[in-house]
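First up is the structure itself, then whatever we jot down about it.
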Amino acid sequence: MALDDERFASLLRDLEAESDDLVAVASGLPAPQWALGTPAESWSVHDQVVHLAYFGDLATLGFTDPHAFRASTEALRATGPDWVDQVNEQRRALPPEATLRWFADSRATLGRVLAKVGPGARTAWFGPSMSAASCATARLMETWAHGQDIYDALGLEHPLTDRVRHVCHLGVITREFAFTQRGLQAPRVAVRLELIAPSGECWTWGPADAADRVTGTANDFALVVTQRRHRADTSLRATPGTAEEWLRVAQAFAGAAGTGRSPGTFRGQHTGQSAADEGWQ
7 MALDDERFAS LLRDLEAESD DLVAVASGLP APQWALGTPA ESWSVHDQVV HLAYFGDLAT
67 LGFTDPHAFR ASTEALRATG PDWVDQVNEQ RRALPPEATL RWFADSRATL GRVLAKVGPG
127 ARTAWFGPSM SAASCATARL METWAHGQDI YDALGLEHPL TDRVRHVCHL GVITREFAFT
187 QRGLQAPRVA VRLELIAPSG ECWTWGPADA ADRVTGTAND FALVVTQRRH RADTSLRATP
247 GTAEEWLRVA QAFAGAAGTG RSPGTFRGQH TGQSAADEGW Q
């Protein structure tokens, strides 16, 4: 369902707030911490910020200059199968201050462009075209997910906010995509998802009487669908079969199926809000 102008404006505010939180964390980091490795193999804190800034610029270009966007993406893909990593490698000499300023400027520019074009405007991307509303949601998810890698590298807690609902919703609507990315037939079975939000509210997706169910916290679900935590290292509960299989393959991001994190990598570590703490049964 398309977003109306009011809800789109709220989404853009959430994208701005998520970005501002990341800028606040990265501001003032000494240079050695920018070089810290993150849980994403071979990616440093610097790489994570470069990635967000670069693809934010590309998103803006898609709405403002489609011809330049196509030329840029074609040239990027022509560099080889590791083109995503090459974006980072080619910018590793960029000083941290300039990198952070690039990200902040990139995100501010994209926000202004999205607000101007409105939720229904469409742009090309790395696959099917997408609306401005979908672009904003995807950028928020990417900021949240790559931000998680940065928080993990720095040993900090990722702030818990109800902005994570956008990430969860994207994880729900990409369920079929996640299966097909692995060459699997997506089950034609409804799944009920019941998640406790950071605010304590219960968020639900799917029919209430569905036999296949996933329950837990919104934060844990977002961590799984962005492949920042293995399902075994969270409090999520799933019925055997379709629901459990979904958590095994889930990915809320475009592109090839990721390998995610190995089970046990974060076991015993605090991943944010606890379902038990919220009285989840």
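Numbering of the sequence shown is given in our numbering, commencing with residue 7 and proceeding in unit increments. All C-beta atoms in this analysis are idealised placements derived from N, C-alpha and C, irrespective of residue type, glycine included. None of the values given here were measured: they were computed from a predicted structure.
query	result
Quick one: measure Cβ to Cβ for Q257 and A184, integer angstroms, because I've assumed they're closer than 8 angstroms.	5 angstroms
Since W89 is in the alpha helix (DSSP H), which residue starts that stretch and which ends it?	W89 to E95
Evaluate contact between the segment 192 to 200 and the segment 84 to 98, counting only Cβ atoms and requiring at least three cross-stretch pairs below 8 angstroms.	no
Should L146 and R118 be called a contact, given that it needs their Cβ atoms to be closer than 8 angstroms?	no
Do the segment 147 to 164 and the segment 242 to 259 make contact, defined as three or more Cβ pairs closer than 8 angstroms?	yes
Terminal residues of the continuous beta strand (DSSP E) containing R219?	D218 to T223
Tell me the residue span of the alpha helix (DSSP H) that contains T79.	P72 to R83
With a threshold of 16 other CB atoms inside 10 Å of the CB of E163, please say whether the residue is buried or exposed.	exposed
Sorted by chain position, which residues of the same chain lie with C-beta nearer than 6 angstroms to A32's C-beta, five sequence neighbours on each side aside?	L106
Which same chain residues, not among the five before or five after A203, have their C-beta less than 7 angstroms away from its C-beta?	D168, R171, W209 and A224
With 16 other CB atoms within 10 Å as the buried threshold, where does Q54 fall?	buried
Is DSSP giving T180 helix, strand or coil here?	coil
For D11, is the classification buried or exposed, using 16 other Cβ atoms within 10 angstroms of its Cβ as the cut-off for buried?	exposed
Smallest Cα separation from E182: which of F109, G43 and V231?	V231
How long is the line joining the alpha carbons of H276 and L229, rounded to whole angstroms?	The pLDDT assigned to H276 is 45, lower than 50, so where the model puts this residue is not dependable; a value taken from the coordinates is nonetheless given after this. Their Cα atoms are separated by approximately 12 angstroms.
Three or more beta-carbon pairs under 8 angstroms between the segment 25 to 43 and the segment 124 to 131, yes or no?	no
Let me know if A77 comes out buried or exposed under the rule of 16 or more other beta-carbons within 10 Å of its beta-carbon.	exposed
Within the continuous beta strand (DSSP E) that includes R198, where are the two ends?	V197 to I202
So L18 packs on A159, CB below 8 angstroms; how close in whole Å?	28 angstroms between Cβ atoms; not a contact.
Are the beta-carbon atoms of L28 and A142 separated by less than 8 angstroms?	no
Considering just the uninterrupted stretch of the beta strand (DSSP E) at S25, what are its terminal residues?	From DSSP, S25 is part of no beta strand (DSSP E) but of the alpha helix (DSSP H) over D11 to A32.
Looking only at DSSP bridge pairs, what is C208 linked to?	I202
Here's the rule: buried if 16 or more other CB atoms are within 10 angstroms of the residue's CB, otherwise exposed. What is Q287?	Since pLDDT at Q287 reaches only 29, below the 50 mark, its modelled position is unreliable, and no value is offered.
What is the rounded straight-line gap between the Cα of L116 and the Cα of W252?	32 angstroms
By DSSP, does P134 sit in helix, in strand, or in coil?	strand
Buried or exposed: where does G266 fall if 16 or more other Cβ atoms within 10 Å of its Cβ makes it buried?	buried
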